[in-house]
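Chains as they are written, first to last, in UniProt numbering: chain A, 1 to 477; chain B, 1 to 477. For glycine and all other residues, C-beta sits at the position ideal for the given N, C-alpha and C. A quick note: this is a predicted structure, and the numbers were derived from the prediction, not measured. In what follows, a structure is listed as structure tokens, so that the remarks can point back to it.
Number of protein chains: 2
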Amino acid sequence: MRRLPFTLLAASLLLASGIASAATTIPATAVKTAEQLRDRALHDDTGYRIVASLTTEVGARMAGSEADRRARDWAVAKFRALGYDKVYTEAVTYPKWVRRSERAAIVAPFPQPLVVTALGYSPGTSAGGLSAQVVKFDSLDALKAADPASVKGRIVYVGYRMQRAKDGHGYGMGSAVRTAGPVIAAAKGAAGYLLRSAGTDAHQRIAHTGVTGFRDPAKAIPAAALSNPDADQLERALAYGKPVTVKLDLDCGLDGEYTGANVIGEITGGKHPEQVVAIGGHLDSWDLGTGAIDDGAGVAIAMAAGKLIGDLPQRPDRTIRVIAFANEEMGLWGSRAYADKHAAEVSQFQLGTDSDFGAGPIWRMSASVKPDARAAMAQIAKVLAPLGVAYDAKRPGGGGSDLSQMHAKGMAALSLTQDGTKYFDWHHTANDTLDKVDPQELAQNVAVYAAFSYMAAQADGDFGSAPGAFAKDDADE
Amino acid sequence: MRRLPFTLLAASLLLASGIASAATTIPATAVKTAEQLRDRALHDDTGYRIVASLTTEVGARMAGSEADRRARDWAVAKFRALGYDKVYTEAVTYPKWVRRSERAAIVAPFPQPLVVTALGYSPGTSAGGLSAQVVKFDSLDALKAADPASVKGRIVYVGYRMQRAKDGHGYGMGSAVRTAGPVIAAAKGAAGYLLRSAGTDAHQRIAHTGVTGFRDPAKAIPAAALSNPDADQLERALAYGKPVTVKLDLDCGLDGEYTGANVIGEITGGKHPEQVVAIGGHLDSWDLGTGAIDDGAGVAIAMAAGKLIGDLPQRPDRTIRVIAFANEEMGLWGSRAYADKHAAEVSQFQLGTDSDFGAGPIWRMSASVKPDARAAMAQIAKVLAPLGVAYDAKRPGGGGSDLSQMHAKGMAALSLTQDGTKYFDWHHTANDTLDKVDPQELAQNVAVYAAFSYMAAQADGDFGSAPGAFAKDDADE
């Protein structure tokens, strides 16, 4: 007998072991109920009513703010009103950053105000503001390559233009300019940092905030984002070839420690209550908008999906756990605390993902599951296909922004990619308001979450969650 | 002989007298030069460079502000740099209104900030702000009909939604809600006034300022505009059926008297220097944007048109007078002063109109001219037709927003209607910035102004300007 090549041999063994351990499958009755849930969700406005309630009754809810407390109270009350069996909170402690006021202006040669917003963890300027000459870079690489002597004592401005994309991949570099840029500029001795907003709204005079990569307050410098039209204006002023002086006047900074909470609601499993399908979103928002797309929509999608499952005549076999995470915006504080606390239970997490990319329709699903669960994934994909969701079996799943942390501990995870074509027009700005949520598109999301969550909860078998599983996956989130 | 009906007889007499006094015509050589000017203007970026210069080097220039002074210096220098023969200013005195800060919030039942902007001539609130219950009206008529008892001591909110239209006619009611609304609310005893911004940008969290109808400061109340998404938010809060309290905190108001100036540049006529074709725009802008479309574009169109005529080998027969008017925004102060000062010379104004509706292409021309000049108008229309300008011989001409004042004194006037479909997305907001100006559309405007101004300047005969002429025209501006 010819020797089989090693990889083929390994595959044969895997296949054999797969058959031996019984592939995970979704029972036909569960598929049928999932189809009904899906179709019901498409004609149900629970999700929209939740995001309308959160944005109207609470509005902006920056982590650590007075509104953060009200948002938690809202979430507890909303879970209860939606009929969740168990509602509880888990404390999350983090440094509190506050924004009090922010102004900027070109002071020479063409005096005029500029629209800016301070970035998370930026220190304030000293009283009276910071005035310095601006030095411009077109990219993060150009800044990295800069001679510190050209930067020292100046306000660094990086004019990178973030590109629009359905899958939002332009945010990779856009967010790097915001997170890494200030740290690099500070290390080179810059006095302050400005960027062209990491946003795709080329014509809106609204700046995009977001967190920086500052970890050591002693090494941080005042950092802010210009609206795109203001970045254009600054670049036009610089193009005259004369020195341009900008004044930054930021009153913001760290203000001690704060203890908030993840808020959790459960539809308790009838057979295996200790096993959970985990879905969610983050409850905090930036302070500039009302947090409708980031991430009221995600919280609403998950809450509504769980509620629809809870409305079924029978409880699902496994628990549907909906987590409204604390302080995602300033560094995944809630989800990191959650993953640290629950890492030892990772094998009980059947499958999970959260929603944090607005309210556009889901168009792609991918998954990090064990090979034996691929057949079940195909069953899930078949139920989601009529919603316009394409299953990409070659891509890993990342678990979303917050549940990526449990995925990193070994939780089997999906990626449910939304259409983010317009997301970065509004992301982290005053324009993140309810009118950006299309009720029908939101309902499509709820349908996807309700159907997949229910099928995962009813599956015969698991999806491969185990400590350290999927460590080599190259998740796309 | 049968008696002719009176109207037919009158028409015959008019026709006869028209022939007798010689119809105004444009010489063929002037038509040819106008066609060359038109085609040259389409490939010339002078207009765009002017509006870029004004918005970059000066930016916002609210009447009476420090930037108002810089804008006048800019205009004088720009006229000179463009080769105008004569550059001068004429003083204009008006009450100065200042905006220092503006904030608003829902304080109960759902505390959260609202994006507002104070309206021109609004007084400030007393220190600590004005908190009052909101009473909502859907229209100006509903407010007019309201029992004063329902309004007294409250903040009136009018939620009228301005409609988008190519000719901008939605602004008729939109601006009435802003100008008349506060006066009516004040007369009924309201404590404050809010409106849904008179703008067509339903999804931008940017408020539209503009002047109120307050004339007597003793009868004025704090008045401000909410952005459209904030108006949505307020209406959602009101829909809960509980009393909604809003706090307005406006630091703004009248601050004495100020003397600014109309800035005028002339290409002096070679044959009849005392006879003028008057074109222009207004130099002031609101303070929130950089005044690109309102009205940097108008100033640029007129300045560039005059410059192109000035570049011809020979001076035109009559003078091209370009007027950059002072303080249009708070009540046509510059143009009213101009018309008062020059009313006695109205017969020397050959023809005029100004540009104050953004930078969209001109699609329609109409005119208020004497019947004997209709043939000349048809000649002008023929030259403009390739630019996409339709001549509506049945409509009167209004002279634009500022030169309407000279038209009211008897100046023959055109209306050159631009496509304003998007104009009210940006009008009177922070979003009035250079990126909203399309260079090619601006060049089309310059082509229209250069061609018509030149033909009017070279005409054999006049267009009927005389004291009190056109008093019965129903101008559309």
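Looking at the C-beta of residue i, does it have a partner C-beta in chain B at a distance below 8 Å?
i                  : result
Glu-441 of chain A : no
Ala-11 of chain A  : Low per-residue confidence applies at Ala-11 of chain A: pLDDT is 45, beneath 50, and the placement is therefore not dependable enough to give any value.
Gly-358 of chain A : no
Val-107 of chain A : no
Ala-60 of chain A  : yes
Asp-68 of chain A  : no
Checking contacts by CB at 8 Å: is residue i closer than that to chain A?
i                      : result
Gln-112 of chain B     : yes
Ile-50 of chain B      : no
Gln-204 of chain B     : yes
Ala-225 of chain B     : no
Ala-435 of chain B     : According to the sequence as given, residue 435 of chain B is Asp; it is not Ala. Yes, Asp-435 of chain B lies at the interface with chain A (some Cβ there is under 8 Å from its Cβ).
residue 484 of chain B : Since the displayed chain B opens at 1 and closes at 477, residue 484 of chain B lies outside it and no answer follows.
Leu-15 of chain B      : Residue placement at Leu-15 of chain B is flagged as unreliable, the pLDDT there being 48, under the threshold of 50; the coordinate-derived value follows with that caveat. No, Leu-15 of chain B does not count as interfacial toward chain A.
Pro-5 of chain B       : Since pLDDT at Pro-5 of chain B reaches only 41, below the 50 mark, its modelled position is unreliable, and the value read off the structure follows with that caveat. No - not a single Cβ of chain A is within 8 Å of the one on Pro-5 of chain B.
DSSP has residue i in a bridge; who is on the other side?
i                  : result
Glu-266 of chain B : B:Lys-86, B:Arg-321
Met-365 of chain B : B:Tyr-391, B:Leu-416
Lys-247 of chain B : B:Ala-105, B:Ser-131
Phe-137 of chain A : A:Val-158
Arg-196 of chain B : B:Leu-226
Leu-114 of chain A : A:Ala-104
Ile-279 of chain B : B:Val-322, B:Thr-353
Tyr-258 of chain B : B:Tyr-94
Thr-24 of chain A  : For Thr-24 of chain A, which the question treats as bridged, DSSP gives no partner whatsoever.
Arg-99 of chain B  : B:Cys-252
Ser-299 of chain A : Checking the displayed sequence, the identity of residue 299 of chain A turns out to be Val instead of Ser. For Val-299 of chain A, which the question treats as bridged, DSSP gives no partner whatsoever.
Gly-120 of chain B : B:Val-211
His-169 of chain A : Answer is none; His-169 of chain A lacks a bridge partner.
His-272 of chain B : B:Arg-318
Flag this pair as yes or no: are the beta carbons of residue i and residue j separated by less than 8 Å?
i                  : j                  : result
Glu-266 of chain B : Thr-319 of chain B : yes
Val-134 of chain A : Tyr-160 of chain A : no
Asp-249 of chain B : Gly-129 of chain B : yes
Trp-286 of chain A : His-428 of chain A : yes
Gly-210 of chain B : Asp-432 of chain B : no
Ala-375 of chain A : Ala-23 of chain A  : yes
Gly-420 of chain A : Ser-355 of chain A : no
Leu-332 of chain A : Arg-38 of chain A  : no
Thr-93 of chain A  : Ala-304 of chain A : no
Ile-293 of chain B : Ala-359 of chain B : yes
Ala-220 of chain B : His-208 of chain B : no
Ala-132 of chain A : Thr-245 of chain A : yes
Ile-279 of chain B : Ser-53 of chain B  : no
Leu-351 of chain A : Leu-414 of chain A : yes
Gln-204 of chain A : Gly-270 of chain A : no
Ile-264 of chain B : Thr-125 of chain B : no
Our contact map puts residue i next to residue j with C-beta atoms below 8 Å; I'd like the distance itself, whole angstroms only.
i                  : j                  : result
Met-455 of chain B : Val-58 of chain B  : With 8 Å as the limit, Met-455 of chain B and Val-58 of chain B do not qualify as a contact, their Cβ atoms being about 33 Å apart.
Ala-459 of chain A : Ile-26 of chain A  : 5 Å
Leu-114 of chain A : Asp-230 of chain A : 5 Å
Gly-397 of chain A : Ala-466 of chain A : 15 Å between Cβ atoms; not a contact.
Asp-232 of chain B : Asp-435 of chain A : 6 Å
Phe-137 of chain A : Ala-146 of chain A : 7 Å
Val-322 of chain A : Gly-306 of chain A : 5 Å
Using a C-beta to C-beta distance shorter than 7 Å, which residues of chain A count as neighbours of residue i?
i                  : result
Glu-57 of chain B  : Phe-110
Ala-430 of chain B : Val-115, Arg-205
Just the chain A side, please: which residues come within less than 9 Å of residue i by C-beta, in chain order?
i                  : result
Ala-237 of chain B : Thr-56, Glu-57
Leu-232 of chain B : It should be noted that the sequence gives Asp, not Leu, for residue 232 of chain B. Those are Thr-433, Leu-434, Asp-435, listed as they occur along chain A.
Which chain B residues are close to residue i, counting only those with a beta carbon under 8 Å from its beta carbon?
i                  : result
Pro-229 of chain A : Asn-431, Thr-433, Leu-434, Asp-435
Taking Cβ positions only, does residue i come closer than 8 Å to chain E?
i                 : result
Thr-89 of chain A : Going by chain labels, chain E is absent from the structure shown, which instead holds the protein chains A and B.
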